[in-house]
Amino acid sequence: MAPLRSVTLALLLLTGSAAHAAEPLPAAIAVSGETTVLTVHAEGAQVYECKAVTDGNLAWSFREPVATLIEGGRTVGRHYAGPNWEDVDGSAVTGRTTGEAPGATASDIPWLKLAVISRRGEGVLSTVSTVQRINTSGGKLAGACDKSGELKSAPYSADYVFLRN
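The numbering of the sequence shown is the working numbering, which starts it at 544 and goes up by one.
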């Protein structure tokens, strides 16, 4: 299965569109009746914070993403806590997770479907209703933590597909 995902990612990077994916998306993140507005590649990090968990031990807890959005080799936006996606044209959306599917390996963050819960500005993202995170690579943090409040990041990449009703 991993080689097929690698081929799919290569096709997406070459074509710049999730519509050309060689395999269907997992049911938990699939959409129907929506139109793709924009597909971008993201390179960045998932930031974690060392926090106490219910048993009193310390563990890494997801804090926020920090990523650059890329289309055709050019920076077209950024992705940050919220989660928010902001295009260079000033339009932006905030999402809430509504579906999740596992990444290709244990070190890959999950694929997501997010409903847009707020919009700002006029531009390419102003009509977006759903965001999908697919083709994830990395982003999970391994290992223990021993100092509450410590921050650590895990590099990741993904493709984000922005859709409208």
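Every residue gets a Cβ at the ideal spot worked out from N, C-alpha and C, and that includes glycine.
- The continuous beta strand (DSSP E) containing Gly642 extends over residues Ala635 to Ala644.
- For Ala649, the closest of Gly620, Ser680, Val631 and Thr637 by C-alpha to C-alpha distance is Ser680.
- A direct Cα-Cα distance of roughly 27 Å separates Gly682 from Gly633.
- Closest option to Phe605, judged by alpha-carbon separation, among Leu612, Lys594, Arg621 and Asp598: Lys594.
- Taken atom to atom, the span from the alpha-carbon of Ala610 to that of Gly599 is near 32 Å.
- When the beta-carbon positions are compared, Glu577 and Arg662 stay at least 8 Å from each other.
- At a Cβ-Cβ threshold of 8 Å, Thr582 and Val704 count as neighbours.
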